[in-house]
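Everything below concerns the one structure shown next.
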Amino acid sequence: MMQWLSMGGYWMYLWPSYLLTLLVLVLNVGYARRSARLARLEALRRVQGAAAQQGRS
Amino acid sequence: MKPPATGVVSPGKAGWRLVQRDLRLGLRRPGEWLQPLVFFLVVTTLFPLATSPELSRLRDMAPGALWVAALLSSLLALELLFREDGQDGTLEQLAVSGLPLPWLLLAKTCVHWLMTGLPLVLAGPLVATALGAPYASIPGVFAALLLGSGALSLIGAVGAALTLGLHRGGVLLALLVLPLAVPVLIFGARATSLAIAQDPMTAPMYLLGAIAVLSATLAPLAAAAAVRISLE
Amino acid sequence: MDWTWFHRFGSPPHFYRIAGKLIPWFAWLAALTGVAGLIGGLILAPPDYQQGEGYRIIYVHVPAAVLSTMAYAAMATAAGVGLIWRMNVAHAVAASCAAIGASFTFLALVTGSLWGRPMWGTYWQWDPRLTSELVMLFLYLGYMGLRDAIDDTARADRASAVLALVGVINLPIIHYSVDWWNSLHQGHTLLKFAKPSMPPSMLVPLLLLMLGFVLYFAAIVLVRSRGEVLRRERNARWIAELLGAPS
Chain E
2 MMQWLSMGGY WMYLWPSYLL TLLVLVLNVG YARRSARLAR LEALRRVQGA AAQQGRS
Chain Z
7 MKPPATGVVS PGKAGWRLVQ RDLRLGLRRP GEWLQPLVFF LVVTTLFPLA TSPELSRLRD
67 MAPGALWVAA LLSSLLALEL LFREDGQDGT LEQLAVSGLP LPWLLLAKTC VHWLMTGLPL
127 VLAGPLVATA LGAPYASIPG VFAALLLGSG ALSLIGAVGA ALTLGLHRGG VLLALLVLPL
187 AVPVLIFGAR ATSLAIAQDP MTAPMYLLGA IAVLSATLAP LAAAAAVRIS LE
Chain D
2 MDWTWFHRFG SPPHFYRIAG KLIPWFAWLA ALTGVAGLIG GLILAPPDYQ QGEGYRIIYV
62 HVPAAVLSTM AYAAMATAAG VGLIWRMNVA HAVAASCAAI GASFTFLALV TGSLWGRPMW
122 GTYWQWDPRL TSELVMLFLY LGYMGLRDAI DDTARADRAS AVLALVGVIN LPIIHYSVDW
182 WNSLHQGHTL LKFAKPSMPP SMLVPLLLLM LGFVLYFAAI VLVRSRGEVL RRERNARWIA
242 ELLGAPS
């Protein structure tokens, strides 16, 4: 196991690469979903605002 | 009084008239147009001050210093290209005139280059000699700067059109134009360093020439599209 | 040829619905192929003759690099479609590609740098491929900066579309730079279909991870695009129906 982790001595370069990749992938998922959620809420608010206006008039 | 007939001017004549107009307007305020040149001279002076006055070391740095300074100066100068005409509505008039907008923008860019780029092309070889380049390198440096500064003006015009009228557009303009200007920088500096070393500089010059021709044909099209988008 | 499918894609409610159905598929398949590729690459594949275990960085570096250019191509294509056919959905897709494309470009540069240090002895070289990849990162940032600076969405869409298209010229430079110049970076390995230079035990995990990255990219772009489409829609009716708001 330790031998695998040390990756023939290259662990200093290899594991940071993989961890950075994982970080980037996870962050992108987070930000993408957040952006979509905010857009959805904003659209709903717009729609409800328009509906309320129509109801009033 | 009968209004002037529209659509009777040929694109060639319209372009020429636009060139004359821009030259006349530009020469009214020479100070504005000389600023990029002054900036260029100041920046190139900074290099020997910041590093070492030893001529042999300066000679190695000269191509890079020259081209970075030229690039930054042309970026500053780009502010002038569409600013006035964008604000007072002339650009809009050109866009709806029915004349080919890419051609008109090419004319404007040429005048702009004459007033801001050409001074750099003339001063550049002299600055290079001040940085240790041999006198024999002057024609080569001149030729490289000629092609490169033309390409920079054309590429810059696209950026200027995209950022027309934007708040704090200056920094964004630099951010947009610099990546596109990188090939010009690389080949221009390479050509210049070959000229200084008195080696044949044909390879980078061919590439610079190709970039210049490509920009002259495509950049006006992109700039015209961008101007129309910015004016909507 | 029947182009109705193309124009149907351009209809925002249609796109929103279909994208919503596709996302879980892409996401799960991405995870599956990714894990399979990782196991293959980190555990099953043998060490390299020259580079030992260090070559395994290839399994994140190459997918990131390939996706960085692919994302730009997708962004430029979507931008072009949006510009020519005046399709809001296309502009929404283009906008969605930028952040993920820039991320992949950054990742390609950093992993490449970490790979270069033990193999070539240096973290960075101003060779054509690395430089043009860096230029592409700047192009992405410029694209996002331009979008950010323009308040009017329509103008932002169209201006950034022009910028994206102008920047396309960088893509062949990135791809062919290893052919045109003698440089530090490795030449074409994967596209030599006649005789690939990698043994299957090493190649298969790489292909799996590349596929995984592509599916991941598609999922992310679709998630973001749905939000972007909503932002561009003024017509309340389909939004109300689809999102279940009282109208």
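Read top to bottom, the protein sequences are chains E, Z and D. Just so we're on the same page, this note's numbering is the position in the first sequence counted from 1, plus 1. Just so we're on the same page, this note's numbering is the position in the second sequence counted from 1, plus 6. Just so we're on the same page, this note's numbering is the position in the third sequence counted from 1, plus 1. Glycine is no exception: its CB is placed at the ideal position from the N, C-alpha and C atoms.
Q. Given a limit of 7 Å on CB to CB distance, which residues of the segment 151 to 166 of chain D reach chain A?
A. Note that chain A does not occur in the displayed structure, where the protein chains are E, Z and D.
Q | Backbone secondary structure at Leu224/Z - three-state DSSP | A | Residue state, collapsed to three classes: helix.
Q. Where do the N-terminal and C-terminal ends of the alpha helix (DSSP H) with Val169/D fall, by residue?
A. Here Val169/D belongs to no alpha helix (DSSP H), and DSSP marks it neither H nor E.
Q.
Please identify the residue among Ala230/Z, Ser199/Z, Ile202/Z, Phe193/Z whose C-alpha is closest to the C-alpha of Leu213/Z.
A. Comparing Cα positions, the closest option is Phe193/Z.
**Q.** Contact list for Leu26/E against chain D, beta-carbon separation under 8 Å
**A.** Chain D residues near Leu26/E: Tyr217.
Q.
Excluding the 5 residues flanking Gln49/E on each side, which residues of the same chain have their C-beta closer than 6 Å to its C-beta?
A. Cβ neighbours of Gln49/E beyond the five flanking positions: none.
Q) Do Leu216/D and Ala79/D have their C-beta atoms closer together than 8 Å? A) Not in contact: Leu216/D and Ala79/D (Cβ atoms no closer than 8 Å).
Q) According to DSSP, is Asp128/D helix, strand or coil? A) In the structure shown, Asp128/D sits in coil (DSSP, three-state: anything other than H, G, I, E or B).
Q) From the beta carbon of Ala195/D, is the nearest beta carbon of chain E less than 8 Å away? A) Residue placement at Ala195/D is poorly supported in this model, since its pLDDT is 42, which falls under 50; the coordinates are not used for a value here.
Q) Under a three-way DSSP split, which group does Phe7/D fall into? A) Helix at Phe7/D.
Q.
Beta-carbon within less than 7 Å of Leu33/Z's beta-carbon, same chain only, minus the 5 sequence neighbours each way: which residues are those?
A. Closer than 7 Å at the Cβ level, and outside the excluded window around Leu33/Z, lies no residue.
Q) Are the C-beta of Leu6/E and some C-beta of chain D separated by less than 8 Å? A) Closer than 8 Å: no.
Q.
When you compare the CB of Phe139/D with every CB in chain Z, is at least one pair closer than 8 Å?
A. By this cut-off, Phe139/D is an interface position.
Q. Which one of His62/D, Gly41/D, Tyr73/D has the shortest CA to CA distance from Leu164/D?
A. Per the Cα distances, Tyr73/D.
Q: Over the uninterrupted alpha helix (DSSP H) stretch that includes Pro106/Z, give me the two end residues.
A: Counting along the chain, Pro106/Z falls outside any alpha helix (DSSP H), and DSSP gives it neither H nor E.
Q | Inter-stretch contact (C-beta, 8 Å, three-pair minimum) for the segment 69 to 78 of chain Z and the segment 185 to 201 of chain Z | A | A contact exists between the segment 69 to 78 of chain Z and the segment 185 to 201 of chain Z.
Q. At a cut of 8 Å, does the segment 226 to 235 of chain D reach the segment 11 to 24 of chain D through at least three beta carbon pairs?
A. Result yes; three or more Cβ-Cβ pairs closer than 8 Å.
Q: Would you identify the three-state DSSP class for Lys196/D, choosing helix, strand or coil?
A: A caution first: Lys196/D carries a pLDDT of 48, below 50, which makes its placement in the model unreliable, though a value can still be read off. Reduced to three states, the DSSP call for Lys196/D is coil.
Q | Same chain only: Cβ atoms within 6 Å of Met203/D, ignoring 5 sequence neighbours per side | A | Correct list, in chain order: Ala46.
(Q) If distances are taken between C-alpha atoms only, which option among His62/D, Cys98/D, Leu131/D, Leu43/D comes closest to Tyr32/E? (A) Cα-wise, what sits closest to Tyr32/E is Cys98/D.
Q) Looking at the structure shown, is Asp91/Z part of a helix, part of a strand, or coil, going by DSSP? A) In the structure shown, the three-state DSSP call for Asp91/Z is helix.
Q) Is Gly228/D helix, strand or coil when you go by DSSP? A) Three-state DSSP puts Gly228/D in a helix.
**Q.** Local Cβ density within 10 Å of Asp3/D, reported as buried at 16 or more and exposed below that
**A.** Burial call: exposed.
Q: Below 8 Å on the Cβ atoms is my guess for Met211/Z versus Ala197/Z; work out the distance and round it to an integer in Å.
A: A Cβ-Cβ distance of about 5 Å is found for the pair Met211/Z and Ala197/Z, placing them in contact under the 8 Å criterion.
Q. Can you tell me the Cα-Cα spacing of Lys193/D and Leu100/Z, whole angstroms?
A. The predicted position of Lys193/D is uncertain, since its pLDDT is 48 and thus under 50; no value can be drawn from it.
Q. For Gly165/Z, does the three-state DSSP call read helix, strand or coil?
A. It is helical.
Q. Between Leu43/D, Val111/D, Arg235/D, which lies nearest to Leu138/D when the distance is taken from Cα to Cα?
A. Considering only alpha carbons, the answer is Val111/D.
Q) Would you call Ala218/Z buried or exposed, if buried means 16 or more other Cβ atoms sit within 10 Å of its Cβ? A) Around the beta-carbon of Ala218/Z, 16 or more other beta-carbon atoms lie within 10 Å, marking it buried.
Q: Measure the C-alpha to C-alpha separation of Lys196/D and Leu208/D and round it to an integer number of angstroms.
A: Legend: pLDDT at Lys196/D = 48, less than 50; position of this residue unreliable, value from coordinates given subsequently. Cα-Cα distance, rounded: 16 Å.
Q.
Please confirm whether Gly31/E has its beta-carbon closer than 8 Å to some beta-carbon of chain D.
A. Cβ-Cβ to chain D under 8 Å: no for Gly31/E.
Q: Compute the Euclidean distance between the alpha carbons of Gly165/Z and Met76/D, then round it to the nearest angstrom.
A: Distance between the alpha carbons of Gly165/Z and Met76/D is about 19 Å.
Q: Taking only the alpha-carbon atoms, compute the straight-line gap between Ser159/Z and Ala187/Z and give it to the nearest angstrom.
A: Roughly 10 Å separates the two Cα atoms.
Q) So who's on the other strand from Gly32/Z, going by DSSP bridges? A) As DSSP reads the structure, Gly32/Z sits in no beta bridge.
Q. If you check the beta carbons only, do Ala163/Z and Thr115/Z fall under 8 Å apart?
A. Taking the C-beta atoms as reference points, Thr115/Z is found nearer than 8 Å to Ala163/Z.
Q | Beta-ladder partner(s) of Gly53/D, from DSSP | A | BP columns for Gly53/D point to Asp49/D.
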